[in-house]
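What follows is a set of notes on a single structure, which appears directly below.
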Amino acid sequence: MIDAVAMFSSEAAKLLATALVGRVDKGLGQLAGIARAKFGAKFGSGPVAVADLREQVLAACQDDPVFRTELMGAVALVNAAGQRPSATEGVEPFFNHAEHLRAPRESGTCLVYGPAGSGKTELARQIAGRVRDRFPGGWIEIDVAESRTGAVVDLALVKRQALLKLGIPSGEIAADDAGLDQQFGSVLATRLFTVILDNVVSAREVELFRPFRMNLVLATSAARTRDLDALDPSPILLGGLELEGAREMLAHYCGAVRLDAEPDATGALLAMSGRMPSAIREVGLSLARHGGEPYPVSGLLAHYQANGIVDAEGVINDSLAQTFATLAPETAEAVALLSGFPGHWFTRETAVAYLGMPDEVFDAVVSAMLTEQVGGWHRLTALVSQYAAKLPADRDAAFPRLLSHVRDRAVAADLAGDAGRLREYVVPPGLSWTLPEDRINWLHRHLGLITEVVRAAARRGKHLEVCQLAGALEVLITARWLWREYAEISDLAVRAAAALAEGEPQALYARALSMRAKTWFLARAFDTAAADLQRAWELAEAVDIRPARRERLQSSVAEFRARFFEEQADTLPAERASLLAEAEAWLRKAIALDQHLDHGYALGIHHRMLASVLIKAGRPAEAMAEIENGRKHATGRNLSRLDMVAARAFLARGDLGRARECWSRARAELKSTGADQYQWEVREIEARILAAEGQPEAARTAWGQLIGDAWKLGHPRTNEYITEFESLR
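Going by the numbering used here, the sequence shown opens with residue 102, and the numbers climb by one from there.
What follows is the structure, encoded as structure tokens:
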């Protein structure tokens with residue numbers, strides 16, 4: 102069980118270590134002031150070790166609840182930074198459940214039970230809105246059902262969703278489980294916010310957030326269970342609306358119809374709807390369509406009775422049937438098809454491709470108010486989707502259209518990039534990138550949809566397309582460091598490549614195994630990664646293709662094996678020397694293959710990688726030779742990264758002038774190309790150069806700023822920066 106107070110104390114101590122010396126952000130003055138008010142005016146007048154701070158803060162937080170609350174509030178304000186996560190606001194007007202809004206919960210766990218259509222989620226949003234001033238971090242909403250396969254919830258995915266919605270960039274979320282757990286705990290311990298967990302079915306799904314009791318957890322569920330009840334002794338139980346609230350809601354949706362003119366029929370309609378919000382809305386919309394009739398309420402009631410409609414489900418289905426009856430045939434067909442769209446969310450472009458119909462048909466679907474929209478993405482409303490899914494439509498014909506469209510866009514995005522990149526998937530002819538949007542941004546924006554398409558393609562045995570999509574995504578994954586998001590796709594690609602290989606050695610299979618191995622070793626699953634890499638090497642040696650192509654494949658697999666050993670070396674200090682030696686051996690093998698092929702692009706990369714390994718091994722002089730060799734071949738971003746390695750090598754050799762020169766050049770080039778993923782390393786090198794130049798105050802400021810920025814992300818690298826910061830006493 103997480104000790105949230107201990108975790109908070111640890112995180113607060115990291116920030117205080119820099120705040121007390123006044124080297125970071127003026128906004129941290131309040132934090133330092135609270136600490137000095139508690140521990141004395143001289144507290145922090147000299148360097149204070151984070152470990153000592155942690156113990157002092159923890160003891161004070163445990164003994165003094167007022168201090169703990171004050172400190173948590175100050176830390177949360179630092180993290181809020183003037184912005185709140187985007188969240189779905191509650192609807193206005195809100196018609197019912199007023200008793201739950203008069204004195205809403207302000208912390209801890211609040212469970213909201215109710216059947217489908219009872220307004221559970223809406224009530225949770227209303228509560229979150231009522232208490233928003235207490236939570237500077239705002240609120241986030243997570244539909245747990247989206248992370249559930251069968252009865253199993255991917256809790257790691259729930260954590261990632263929470264971090265993303267709290268503003269942590271996807272590329273900054275830890276790829277390994279231990280790092281993710283630490284980051285999740287750090288972020289939740291240092292923010293005050295509300296989380297709405299929709300569609301939970303077990304206590305395990307809620308308990309992720311429970312240790313952080315200063316926050317408010319609003320969990321909704323359709324099924325009341327004993328394990329959920331144990332989390333909240335006074336849950337909110339929803340059924341139908343109160344009679345007055347139900348009348349108000351019906352009046353809101355029924356247009357010009359006068360309900361007070363037909364009170365008995367109105368009461369009968371409300372009773373038939375079970376006073377459930379979703380059914381009342383549909384009754385209101387149906388009434389609005391009959392507004393010109395003499396007795397519209399009685400007429401609708403008679404219609405229901407004549408057709409055997411006696412409950413909320415029947416009311417909803419009848420209303421939707423009337424809605425669909427007013428649609429043009431092609432619009433109704435489009436809605437039926439869209440109910441089967443992979444992942445349910447679609448853009449205008451992808452929906453049109455899926456439908457195989459003119460743009461105007463999709464516009465008609467939107468105009469009929471059958472969808473909801475977030476940004477440029479649409480989906481059918483829940484009731485419409487459920488109804489339309491029962492209608493006949495040729496969904497089997499629609500999916501191949503979507504698959505081809507998404508595949509062509511993704512491959513075109515890949516082909517518009519580096520011509521020297523190794524591509525083992527089958528490249529369709531005649532593709533080019535024609536959109537004004539940046540190709541990497543397009544891939545990133547569509548990654549969720551591409552994942553759904555890959556899943557659906559794998560189920561249908563579309564092995565070729567699975568491998569094409571997985572291969573085209575490589576450029577995004579490496580550019581934005583989205584390896585955890587890629588894990589499922591890479592696994593499906595390995596299975597697809599194996600099916601295509603039919604037991605024969607294939608280059609595509611070797612490549613897929615190499616990519617999956619990287620998802621494993623970045624997640625610290627080294628044994629699993631080792632097996633994939635061993636098999637990939639065996640395939641690369643045995644594949645029956647042109648010698649030059651085989652050698653290039655071998656060079657690529659050797660690169661993956663080198664990164665595998667380097668990653669292990671960074672993780673296992675006791676075996677560091679031997680693991681770096683293995684990494685060096687595999688890189689020298691890759692370079693020998695590159696030289697035989699005269700492959701300059703690969704040589705530029707592999708000489709740089711070898712230089713980096715040699716610096717880690719304490720051999721900067723040898724690294725310089727690799728850097729010079731790399732300069733003969735490196736171009737563009739790789740040349741900038743080579744300058745970063747050179748700066749580290751010159752720094753290790755004490756040549757500070759050359760180190761700063763290389764660092765300045767790399768920083769300028771990477772900034773101009775928007776390569777943000779390297780900014781941490783660029784800033785780390787600067788801090789080390791400042792320290793070596795005898796500028797301890799400037800170095801402390803640089804490390805302090807790194808600590809502050811990493812701390813706001815809850816990133817595990819914060820601890821490394823603390824060590825560097827404390828070494829400058």
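Glycine included, each C-beta is placed from N, C-alpha and C at the ideal position.
Asn-730 versus Gly-705: straight-line alpha-carbon distance, rounded: So the alpha carbons of these two residues sit roughly 8 Å apart.
Coil, strand or helix - Tyr-214 by DSSP: Here Tyr-214 sits in strand by DSSP.
Coil, strand or helix - Gly-444 by DSSP: Secondary structure of Gly-444 (DSSP, three-state): coil.
Alpha carbon of Phe-285 to alpha carbon of Gly-268, nearest angstrom: Answer to the nearest angstrom: the Cα atoms are 12 Å apart.
Proximity winner among Glu-112, Gly-341 and Arg-720, relative to His-177 (alpha-carbon distances): Residue 177 is actually Ala in this sequence, not His. Nearest option by C-alpha distance: Glu-112.
Beta-carbon proximity check, Leu-402 vs Ala-369, cutoff 8 Å: Yes; because the gap between Cβ atoms is below 8 Å, this pair is in contact.
Exposure label - Lys-717; buried when at least 16 CB within 10 Å: A buried status is given to Lys-717, since no fewer than 16 other beta-carbon atoms sit within 10 Å of its beta-carbon.
Nearest residue (CA-CA) to Leu-548, options Thr-448, Leu-117, Ala-469 and Ala-799: Distances from the alpha-carbon of Leu-548 to those of Thr-448, Leu-117, Ala-469 and Ala-799 put Thr-448 closest.
Pair within 8 Å by beta-carbon distance, Ala-490 and Ser-440: Taking a C-beta distance under 8 Å as the contact criterion, Ala-490 and Ser-440 qualify as a contact pair.
Touching by the beta-carbon criterion (3+ pairs, under 8 Å), the region 632 to 644 and the region 551 to 571: By the Cβ rule, the region 632 to 644 does not count as touching the region 551 to 571, because fewer than three pairs are nearer than 8 Å.
Contact under 8 Å by Cβ, Ala-257 with Leu-289: Contact: no.
Backbone CA spacing between Gly-809 and Val-746 [nearest angstrom]: Rounded to the nearest angstrom, the two C-alpha atoms are 25 Å apart.
DSSP three-state assignment for His-545, whether helix, strand or coil: When DSSP states are grouped into helix, strand and coil, His-545 belongs to the helix group.
Residues near Gln-778 in its chain [Cβ-Cβ closer than 8 Å; skip 5 each side]: Excluding positions up to five away in sequence, the list reads Gly-272, Ala-580, Arg-581 and Trp-582.
DSSP state of His-479 mapped onto helix, strand, coil: His-479 falls in the strand class under three-state DSSP.
Rounded Cβ spacing between Ala-380 and Ile-417 (contact assumed at less than 8 Å): Confirmed, about 5 Å.
Distance CB(Leu-623)-CB(Asp-255) smaller than 8 Å: Cβ distance not < 8 Å, so Leu-623 and Asp-255 don't count as in contact.
Reference Arg-689; option with closest CA among Ala-675, Asp-671, Leu-698 and Met-710: Cα-wise, what sits closest to Arg-689 is Met-710.
Distance between beta carbons of Val-384 and Ser-374, contact taken as under 8 Å: So it is a contact: roughly 5 Å between Cβ atoms.
Unbroken alpha helix (DSSP H) run spanning Ser-322, endpoints: It is not in any alpha helix (DSSP H) - Ser-322 instead sits in the beta strand (DSSP E) that spans 317 to 322.
Strand pairing of Gly-209, partner residues [DSSP]: Its beta-bridge partners are Leu-317.
Cα-Cα separation, Gly-183 to Gly-238: At Gly-183, the pLDDT of 48 sits below 50, so the modelled position is not reliable and the matter cannot be decided from this model.
Burial state of Lys-221, where buried means 16 or more other Cβ atoms lie within 10 Å: By the neighbour-count rule (16 or more Cβ atoms within 10 Å), Lys-221 is buried.
Where Asp-299 sits in the DSSP three-state scheme: It is a strand residue.
Alpha-carbon to alpha-carbon, Gly-209 and Met-315: Looking at the two C-alpha atoms, the distance is approximately 7 Å.
Cα-Cα separation between Ala-389 and Glu-308, rounded to whole angstroms: Whole-angstrom Cα-Cα distance: 45 Å.
Within the region 466 to 533, ranges of the beta strand (DSSP E) (whole runs, at least 3 residues): The region 466 to 533 contains these whole beta strand (DSSP E) runs: 472 to 475 and 478 to 481.
According to DSSP, residues forming a beta bridge with Ile-590: Answer is none; Ile-590 lacks a bridge partner.
Spatial distance of Tyr-702 from Arg-651 (CA atoms): Between Tyr-702 and Arg-651, the C-alpha separation is close to 17 Å.
Check whether Leu-791 and Ala-799 have beta carbons under 8 Å apart: Cβ atoms of Leu-791 and Ala-799: closer than 8 Å.
Delimiting residues of the alpha helix (DSSP H) encompassing Asp-244: For Asp-244, no alpha helix (DSSP H) encloses it; the enclosing beta strand (DSSP E) starts and ends at 240 to 244.
Burial state of Val-507, where buried means 16 or more other Cβ atoms lie within 10 Å: Buried, because 16 or more other Cβ atoms sit within 10 Å of the Cβ of Val-507.
Alpha helix (DSSP H) segment containing Cys-65, residue limits: Outside the modelled stretch of the chain, which goes from 102 to 830, sits residue 65, for which no answer is possible.
Exposure label - Lys-260; buried when at least 16 CB within 10 Å: The residue in question, Lys-260, is buried, as its Cβ has 16 or more Cβ neighbours within 10 Å.
Status (buried if at least 16 other CB within 10 Å, exposed otherwise) for Ser-335: Its Cβ having fewer than 16 others within 10 Å, Ser-335 is exposed.
Backbone CA spacing between Leu-544 and Glu-473 [nearest angstrom]: One C-alpha to the other measures close to 23 Å.
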